[in-house]
Structures are given as C-alpha cells and as structure tokens.
Amino acid sequence: MAKSTNAFTCTACGASHKKWAGRCDACGAWNTIVEEAPLSQGPGRGLGAHKGRAVSLSSLMTTEAPPPRSLSGMEELDRVLGGGLVPGSAILVGGDPGIGKSTLLLQGAAAFARRGANAVYISGEEASAQVRMRAQRLGLADAPVRLGAETNLRDILTTLDNERPDLAIIDSVQTLWSDQVEAAPGSVAQVRAAAHELVTFAKRKGVAIFLVGHVTKEGQIAGPRVVEHMVDTVIYFEGERGHQFRILRSVKNRFGPADEIGVFEMTGSGLAEVANPSALFLSERGQPVPGSAVFAGIEGTRPVLTEVQALVAPSTLASPRRTVVGLDSGRVSTILAVLEARCGIPFAGLDVFLNVAGGMRVNEPAADLAIAGALLSAREDSALPPEAVLFGEISLSGALRPVAQAENRLKEAQKLGFSQAILPDSQKVEGAGGMRINRIADLTRFVGEVFGAG
Ligand code: TYD
Ligand code: MG
10 MAKSTNAFTC TACGASHKKW AGRCDACGAW NTIVEEAPLS QGPGRGLGAH KGRAVSLSSL
70 MTTEAPPPRS LSGMEELDRV LGGGLVPGSA ILVGGDPGIG KSTLLLQGAA AFARRGANAV
130 YISGEEASAQ VRMRAQRLGL ADAPVRLGAE TNLRDILTTL DNERPDLAII DSVQTLWSDQ
190 VEAAPGSVAQ VRAAAHELVT FAKRKGVAIF LVGHVTKEGQ IAGPRVVEHM VDTVIYFEGE
250 RGHQFRILRS VKNRFGPADE IGVFEMTGSG LAEVANPSAL FLSERGQPVP GSAVFAGIEG
310 TRPVLTEVQA LVAPSTLASP RRTVVGLDSG RVSTILAVLE ARCGIPFAGL DVFLNVAGGM
370 RVNEPAADLA IAGALLSARE DSALPPEAVL FGEISLSGAL RPVAQAENRL KEAQKLGFSQ
430 AILPDSQKVE GAGGMRINRI ADLTRFVGEV FGAG
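Counting from 10, one number per residue, gives the positions in the sequence shown under the numbering used here.
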C-alpha cells in the first residue's frame, strides 16, 4: 500500500498537512498540528474493484409539506435556529469553555420539553448528579428532560435509537469516543468520527441533534471547526470576559439566515433573554463624549444599535498602537488610510484604541462611517451630535456608499430616542419616519459638516 500522505492535522481548523509544522498555514494557530493515524484504505477500495450499490435517484419535486419547526419559546434561541428547530437537523454549538453552552442547552432542552417535545440530554463532561444540581438551580428540575451521562458513542447511538427523541443534546463532542477509531477522545479522528455518526443518525431517524464543541486555543483537543462542514447549522456562543452579555450567533444555517444573533445575560439563575439588545448596548450612555458614535446596524434579520468608541492619544512608540476590539482591524486600517489620503487627516504618531461597547462584535461594512466618526471625534476632541446615529460604507476613494435596510435601521434608532441620522448621499430611504436625515456625499464633506473643518 502506498504510504498515505496528509497524516498531520490541525486540531483548530482541521486542515491536513503533509508534514509537521509549528504553525498551521491554514488558520495561523500555533502548536495545533498533530500526527494522525491515516484512515485505513483497505485493498480494493478504489473505483472498479468492487461494485457499489446503486443509489436511487429522484426528481427535485416534492409533494410533502416541510415538517413543522418546533419552537422552544425562548425567542432568542428560536430566532438563531432560523425560526425554530428543524426535525432531523444537526446543530453545532461552539464556544469557549465556561461561556455557558451547557447552561444554554439545558435551558433550551427544558423549554422544548415543556412544550411537549421528547428531549434527551447526554452529558459526557459532568455526572448526572451535577447536571441535576444545575437544573435545580435554574428552576428546571420539573421539566420532562431525560438525562444520561455517557461518552461511548455506540451506547449513545443505541440509546437514542431506542428512545427516538425529538431532540438530543450531546455535551460535548470532544468527550465522545468510538471503539472503531484508534485515537484518544478529543482527537481530530475521534471528534470527526463521532460527529459523522451522529449527523448521519440525525438525518436517518429524524432526531435533531445539538453537538456542543469547546473552542480550543491549542493542544491535542480538536476544536469545533473540524466538524463545521458536517452539520446543518453552526452557532457560536460568545461573550467578553467581565461582561454578563452572551451573544449566540449563527455562522452557517442551511435552514435560515446566517449571522442571526440572540442576546442573553448570564444571571445567578441562568441565562436571561435580552429582547431589546439596542437598549442594553446603549444603556451606559450619559453626557455626549468625544470619541463615541452610535452605529445603526443590522444583525441577521434584526436592527441593533451599538456604540463605537475611540480613543486617540499621542504615542511614544515608533509604530503607534492600533488596538481594535469588536471590529475588523483590517477595516479600521483602511479607514485610517482613507482619512489620511483623502481628507488629509493623519493618524501617524497617534495611538488608536477602538472598541464596541458592551462586548458586541460588528462585522458590517455599514459600520465604516460610525468608525470614521468615532475616530475623528476622538482626534478633534469634539463630540458628535448625541441625537444622531450613523451608517454607511466608505470606499477607498472616500465616497460614501449606500447600505441595505436603511428603513429598519432608522426605525430602530427612532424607537430608542434618536432623532437624526447621518448617512450616504446616495442612500435611498423610503420613509424616514420623522428622523432628520443628514446626507453626506463623501468623507471630506463629513469632516467639514460635522466637525466644521477639513
Ligand atoms: P457552563 O454552561 O457550564 O459553560 P460551558 O458549558 O460553556 O463550559 O457555564 C459555566 C459558567 O456559567 C460558570 O462560570 C458559572 C456560570 N453560571 C452562572 O453565572 N449562573 C448560572 O445560573 C449557571 C448555571 C452558571
Ligand atoms: Mg459545559
């Protein structure tokens, strides 16, 4: 048999490598590449050696109505799932250890079960007694969730096959082991094999399966990214240390919009849903301060207002600091370059700190204008109008480009008491709903109009 290549795998992203390296080329993580026993390629596995079974093919037409989705009643969870749980779907829930995945899924399982779904929770990390204690603390002890503690994949599959629940939670995929794979639990081979078996089972038997996966920074344990491609829906549970807010974000969803978010707050008695995230992220606003800009954003299908905060200070360093939290740092560099090249406002010799209040993360290019606004406001030491929200994309020429869903952004801003919006000249707005609209063609004019300079 030819020597198998690609026997080294990155535990963070699952990329295959021909030889060991300290750093993974694919995802840039350090010390994550491990050697794996190659999958056995038994003799005669090549095409033509054995005749396979013919698969029955069918047309795209269907007469069956799509199965009804089931709702948990936890609106933040249902929304991120794309409008409820699809029977037989496989959902990966990733996140840092301790962020609250087990808490979320126990609450979710209880919510589904209380609405009549048959829910099973299999814990591979905690003993049943521990999970029961948590359920009691969360006030869920009476919910008809059935609990098991097991890590053996074969036993779990047999149990699920006997029970045929509507949904099963497997916490976590990194603790599972299959006796058919010769590798330690948590290794890429085990995690992949376990996920594959469970996803196949979910499809065949119509059991919705939630797989919990811990994000691992380095080492021998495979991270959730190695199974992202196998599942229907990938959601990450995120939060900043020191913040109570937790954001559930769908990054892939075969049954609904991706980039949908659900917002929770970790309390002493579990996760509480935050129905109005804008109010939460803006709640600490007081007097107008230089360096603050309110961005009217869209997360998935919902408008969310966030506050972009900037601090600009003289630097003592040869290459000044660019510290960016919650925004794309490449995007910020581009905006700094456009401000310098097109508006003649240099940031050389200045440290720049940018972040989004409340531990939120913003990826939309529509945030460009708010980022520029916060940067300029901090640099000029002059506050933006406190009643204004901003949105618009900045092109390399310095022109402002329109963005999607302007009306929804304006409506949300108005709901939260804002009365003015600064947006691109070319933006079409059908019904500003009483908001005063300040249209700006390019960044130079923005500097002139808003800061009275440039
Ligand atoms: P957990 O769900 O165990 O995290 P994960 O499964 O992602 O590792 O949550 C652990 C943290 O949540 C722990 O630090 C304690 C905190 N927590 C609360 O603050 N309130 C609660 O009601 C519960 C159950 C946990
Ligand atoms: Mg856990």
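Glycine included, each C-beta is placed from N, C-alpha and C at the ideal position.
Residue environment analysis places residue 139 among the exposed positions, since fewer than 16 neighbouring C-beta atoms fall within 10 angstroms of its C-beta.
Nearest neighbour of residue 84 by Cα position, chosen from 303, 164, 395, 94, turns out to be 94.
DSSP places residue 352 in the helix class (H, G or I) of the three-state scheme.
Secondary structure note for residue 210: it is in no beta strand (DSSP E), and the uninterrupted alpha helix (DSSP H) holding it is 197–214. According to DSSP, residue 186 shares a beta bridge with 161. Of 383, 151, 215, 22, the smallest CA-CA separation from residue 392 is found for 383. The three-state reading of DSSP puts residue 244 in strand, counting E and B together.
Within its own chain, the residues whose Cβ lies closer than 6 Å to the Cβ of residue 450, once the five positions on either side in sequence are excluded, are 434, listed in chain order. Judged by their CB atoms, residue 341 and residue 333 are nearer to each other than the 8 Å cut-off.
As DSSP reads the structure, residue 447 sits in a beta bridge with 431. Collapsing the DSSP output to three states places residue 123 in a helix.
In the structure shown, the three-state DSSP call for residue 418 is helix. The continuous beta strand (DSSP E) containing residue 323 extends over residues 311–323. Counted as a single uninterrupted DSSP element, the alpha helix (DSSP H) harbouring residue 380 occupies residues 377–389. Around residue 411, the same chain offers 433, 435, 436 as residues with beta carbons nearer than 6 Å, after the five sequence neighbours per side are excluded. Rounded to whole angstroms, the gap between the alpha carbons of residue 283 and residue 362 is 28 Å. Within the chosen limit of 7 Å, ligand 2 reaches the beta carbon of residue 110 through at least one heavy atom.
Here the C-alpha atom of residue 224 lies approximately 44 Å from the C-alpha atom of residue 460.
With respect to residue 143, residue 156 sits apart: the two C-beta atoms are not nearer than 8 Å.
Ranked by how close their Cα comes to the Cα of residue 116, the residues 439, 92, 96, 154 have 154 in first place. It is roughly 26 Å from the alpha-carbon of residue 245 to the alpha-carbon of residue 17. Around the beta carbon of residue 119, a 10 Å sphere encloses 16 or more other beta carbons of the protein chains shown; the residue is thus reported as buried. Listed as beta-bridge partners of residue 18 by DSSP are 25, 43. Of 60, 105, 408, the smallest CA-CA separation from residue 381 is found for 408.
Sequence-distant partners of residue 160 (beyond 5 residues in either direction) whose C-beta falls short of 8 Å from its own C-beta, in its chain, are 133, 184, 185, 186, 194.
Distance check between residue 230 and each of 29, 44, 346, 429 places 44 closest, using alpha-carbon atoms only. Burial is judged here by how many other beta carbons sit within 10 angstroms of a residue's own beta carbon; residue 285 has fewer than 16 and is exposed.
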